[in-house]
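Asks: Quick one: the structure is below, questions incoming.
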Amino acid sequence: MIQEKVAKTRAASGEAPMLLSLRNVGKVFSNGVTALSQVDLAIREGDFLSLLGPSGCGKSTALRLIAGLSTPTSGQLDWRGSIDRSNIGFVFQEPTLLPWASVFDNVWLPLRLKGVSRAKAGPAVMEMLSRVHLTGFENAVPRELSGGMKMRVSIARAMVTKPRILLMDEPFAALDEITRFKLNNDLLELWQDERFTVVFVTHSVFESVFLSSRVVVMAARPGRVFGELRVDAPYPRDEAFRTSPDYAALCRQASDVLVNAINSTAGSHHDGH
Amino acid sequence: MTAIEDTTLKLDPEEARRVRQERLERIGKWVLPLAIMVLAIWLWDRICVWNEIPQYILPRPGVVLQTLHNDAGLLFSSLLVTLRITFLSLLLAVFGGVGLAVLFAQSKWVEMSFFPFAIVLQVTPIVAIFPLINIYVNNQTVKLLLCAWIVAFFPILSNTTLGLNSVDRNLRDLFKLNGATRWQQLRYLRLPAAMPYFLGGLKIAGGLSLIGAVVAEFVAGAQGQSSGLASRIIEAGYRLNAPRLFAALILISLTGILIFLVLSLVSHLILRRWHESALKQER
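Sequence lines, in order, name chains A and B.
Per my numbering, the first sequence starts with residue 142, numbered consecutively.
Per my numbering, the second sequence starts with residue 16, numbered consecutively.
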């Protein structure tokens, strides 16, 4: 397992400042399942970090811990400076919109909960909607939108408060490939313009390599960090990158690490999973 | 729903058959029940004639209609009395049911502690409770209202409670992440999410409040204290005035149907933009 920490090029000095570090974090559920064990993870300002792993490796649990929706059993999370919840944006696996509210009202929601009136929130909401290419749809209700458009609303809602860190929990897993590629491109565009930090949970090697600057591979039972891969390909990344040999090589590397991560679990538990 | 009416479009036999089927169903939906209803009334009339059944046992439909017209003043003023109780009790059921549901939604402990009381009220036959109410409550209207309310509030309470507790987990997390207060969560998330459930309960409660009002009048009327439709029925029964009895019965049925239709319409208007139940079938 130790030799698998191949590409773990530890943060060279002179990089962006640290935003959050997880130190020896563990989470045990009341039913005795160890969801996470001894996770060490350093997230820097401006990182696009993917958590890649098989189901049950605790990647969603890690995201919920970072979001503050759940508390660690052991270890700690250190934020640099003061961060409160308004600095965190969260995008769920499902669009998770209010079905009775218009697109505008859905995006307004986080501001509304902070007491910002409709009129005052208007410009920010409309700007965010244009950033996710949904101008003109502000009066539609979610059921009138396609799956991809709903996800765009969800991203706009997460970003409308201008969070410092955006947490995404397999946001595009339920979409078809063409829509997913488009949303990947648009998300990268948004990220490059604003330079917020992203933690992106996925089980797709290809998606993680295409999007991220760092891919952290996790293994299951117990959920833990298995290895890390730096993706040094320059941004902006576009469709040309998607078909380049560099991309294919990186995917192969990430895939190898992932296979080893999966095997490490299968080797230690002969329980028929 | 893109009904293909355009005949310039060339349809294969299967599609053509489906279009024909759809058209037939659209017409049949109205014609069939109406035809059966007319047939049943005609049969009723014939049975009276063929068997020479006396009017005080089973009046012919024509006679009932005639009575409905002749006794309109008496019957409709009684209907008004019954309707007043019905609507007031429905209103109270809405406030009571939703109010209690919101209270229950504040904490699982409250719900666990008090829900059994609601069930006890619901399962005990109102006819059996009425003598007690009769002892404790003096005011006639209050008496009837209380009866009808007990019958009607439960579906609203139980449905709304279910709705308030059926909020998507992720949405709940989203509100938590954004630091929503308890009140904000109720106002912007749980109440709207409970709306379809509440409206389902309201549809049931509408019918029940009418039933509750009539039953309460029946029990009260037996003691000669009421002037609603139920007392007209009892009175007509004593006098073997079967036509009036039938006329009153028809009025009650029609009122019940009307209440249901109105509440269905209200429900449809509120939900039509977003809820699955109110959407047209799309393929």
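Beta carbons: idealized from backbone N, C-alpha and C, even for Gly.
Under a CB-based cut-off of 8 Å, is Pro-28 (chain B) close to chain A?
Replies: Cβ-Cβ to chain A under 8 Å: no for Pro-28 (chain B).
Asks: So, helix, strand or coil for Arg-365 (chain A), using DSSP?
Replies: Of the three classes helix, strand and coil, the one that applies to Arg-365 (chain A) here is strand, per DSSP.
Asks: Alpha carbon to alpha carbon, what distance is there between Leu-225 (chain B) and Gly-271 (chain B)?
Replies: Straight-line Cα distance between these residues: approximately 7 Å.
Asks: What's the C-alpha gap between Arg-393 (chain A) and Ile-171 (chain B)?
Replies: Roughly 58 Å between the two C-alpha positions.
Asks: Under a CB-based cut-off of 8 Å, is Ala-195 (chain B) close to chain A?
Replies: Ala-195 (chain B) counts as touching chain A.
Asks: Compare the C-beta of Lys-123 (chain B) with all C-beta atoms of chain A and state if any pair is closer than 8 Å.
Replies: No, because no Cβ of chain A sits closer than 8 Å to the Cβ of Lys-123 (chain B).
Asks: Counting only runs that start and end within the segment 53 to 132 of chain B, where is the alpha helix (DSSP H) found for 4 or more residues in a row?
Replies: The qualifying runs are 76 to 85 and 87 to 121.
Asks: Hey, quick one: how far does the alpha helix (DSSP H) through Trp-198 (chain B) stretch, first residue to last?
Replies: From DSSP, the alpha helix (DSSP H) with Trp-198 (chain B) extends over 197 to 200.
Asks: Return the chain-ordered list of same chain residues with a C-beta closer than 8 Å to the C-beta of Arg-355 (chain A), the five sequence neighbours on each side being excluded.
Replies: Correct list, in chain order: Asp-188, Phe-189, Leu-190, Ser-191, Glu-369, Leu-370, Arg-371 and Val-372.
Asks: In the DSSP assignment, what are the bridge partners of Lys-168 (chain A)?
Replies: Partner(s): A:Leu-177.
Asks: Looking at the secondary structure, which residues open and close the beta strand (DSSP E) in which Thr-320 (chain A) lies?
Replies: First-last for Thr-320 (chain A): 318 to 335, but that is the alpha helix (DSSP H), not the beta strand (DSSP E).
Asks: Quick one: residues in its chain with C-beta nearer than 6 Å to the C-beta of Leu-275 (chain A), no 5 flanking neighbours on either side, listed in chain order?
Replies: Excluding sequence neighbours, Leu-275 (chain A) sits near Arg-293.
Asks: First and last residue of the beta strand (DSSP E) that includes Ser-345 (chain A)?
Replies: Where Ser-345 (chain A) is concerned, there is no enclosing beta strand (DSSP E), given that its DSSP letter is neither H nor E.
Asks: Taking a Cβ distance cut-off of 9 Å, strictly less, list which residues of the segment 229 to 240 of chain A are near chain B, in chain order.
Replies: Within the segment 229 to 240 of chain A, the residues whose Cβ lies closer than 9 Å to some Cβ of chain B are Ile-229, Gly-230, Phe-231, Phe-233, Gln-234, Glu-235, Thr-237, Leu-238, Leu-239 and Pro-240, listed in chain order.
Asks: Mark Arg-287 (chain B) as exposed unless 16 or more other C-beta atoms lie within 10 angstroms of its C-beta, in which case mark it buried.
Replies: Counting Cβ neighbours within 10 Å, Arg-287 (chain B) comes out exposed, since fewer than 16 surround it.
Asks: Report the CB separation of Phe-145 (chain B) from Phe-129 (chain B) in whole angstroms; it is logged as a contact under 8 Å.
Replies: No, Phe-145 (chain B) and Phe-129 (chain B) are not in contact; Cβ-Cβ is about 23 Å, not under 8 Å.
Asks: Within the same chain, show all residues whose beta-carbon is closer than 7 Å to that of Ala-203 (chain A), passing over the 5 residues directly before and after it, in chain order.
Replies: Once the five neighbours on either side are set aside, the close Cβ partners of Ala-203 (chain A) are Leu-177, Val-180 and Leu-192.
Asks: How would you call Val-277 (chain B), buried or exposed, if buried means at least 16 neighbouring beta carbons within 10 angstroms?
Replies: The residue in question, Val-277 (chain B), is exposed, as its Cβ has fewer than 16 Cβ neighbours within 10 Å.
Asks: Do you know offhand how far Val-166 (chain A)'s Cα is from Ser-279 (chain B)'s?
Replies: Approximately 54 Å, taken between the alpha carbons.
Asks: With DSSP as the reference, label Asn-404 (chain A) as helix, strand or coil.
Replies: Three-state result, Asn-404 (chain A): helix.
Asks: Just to confirm before moving on: does the CB-CB distance between Ala-257 (chain B) and Leu-90 (chain B) stay below 8 Å?
Replies: Against a cut-off of 8 Å, the Cβ pair of Leu-90 (chain B) and Ala-257 (chain B) comes out as no contact.
Asks: Which of the three DSSP states, helix, strand or coil, is assigned to Arg-477 (chain A)?
Replies: Nothing can be reported for residue 477 (chain A), as the shown portion of chain A is limited to 142 through 414.
Asks: Starting from Ala-208 (chain A), find everything on chain B with Cβ-Cβ shorter than 7 Å and list it in chain order.
Replies: Within 7 Å Cβ-Cβ: Leu-192.
Asks: Any Cβ of chain B within less than 8 Å of the Cβ of Arg-305 (chain A)?
Replies: Judged by the 8 Å Cβ criterion, Arg-305 (chain A) is not in contact with chain B.
Asks: List, in order along the chain, the chain A residues whose C-beta lies closer than 7 Å to that of Asn-185 (chain B)?
Replies: Within 7 Å Cβ-Cβ: Phe-233, Glu-235 and Thr-237.
Asks: On the DSSP letters alone, give me the boundaries of the alpha helix (DSSP H) that Gln-234 (chain A) sits inside.
Replies: Neither: Gln-234 (chain A) is in no alpha helix (DSSP H) and is coded neither H nor E.
Asks: Per DSSP, what are the beta-bridge partners of Phe-189 (chain A) in this structure?
Replies: Its beta-bridge partners are A:Val-339.
Asks: Give the secondary structure of Leu-161 (chain A) by DSSP, where H, G and I count as helix, E and B as strand, and everything else as coil.
Replies: In this structure, Leu-161 (chain A) counts as strand in the three-state DSSP scheme.
Asks: Taking the alpha helix (DSSP H) that Asp-310 (chain A) belongs to, which residues open and close that run?
Replies: That residue, Asp-310 (chain A), is in no alpha helix (DSSP H); its beta strand (DSSP E) goes 306 to 310.
Asks: Taking 6 Å as the limit between beta carbons, can you name the residues of its chain near Phe-313 (chain A), skipping five residues before and five after?
Replies: Taken in chain order, the residues that qualify are Arg-321 and Leu-324.
Asks: Take Ile-56 (chain B) and list the residues in its own chain whose beta-carbon comes closer than 8 Å to its own, dropping the five residues that flank it on each side.
Replies: Closer than 8 Å at Cβ, skipping near neighbours: Pro-76.
Asks: Are the C-beta atoms of Arg-415 (chain A) and some chain B residue less than 8 Å apart?
Replies: The structure shown does not extend to residue 415 (chain A), since chain A is modelled only from 142 to 414, so the question has no answer here.
Asks: Can you tell me the Cα-Cα spacing of Ala-297 (chain A) and Leu-186 (chain B), whole angstroms?
Replies: Each residue's alpha carbon lies about 15 Å from the other.
Asks: Ends of the beta strand (DSSP E) at Asp-246 (chain A)?
Replies: Here Asp-246 (chain A) belongs to no beta strand (DSSP E); instead the alpha helix (DSSP H) covers 244 to 254.
Asks: Just to make sure I have the definition right: I need the residues of chain A whose C-beta is within less than 7 Å of the C-beta of Arg-11 (chain B). Which are they?
Replies: Only positions 16 to 298 of chain B appear in this structure, which leaves residue 11 (chain B) out of reach.
Asks: Compare the C-alpha of Gly-114 (chain B) against each of B:Leu-94, B:Glu-40 and B:Ser-173 and name the closest.
Replies: Checking every option, the nearest Cα to that of Gly-114 (chain B) belongs to B:Ser-173.
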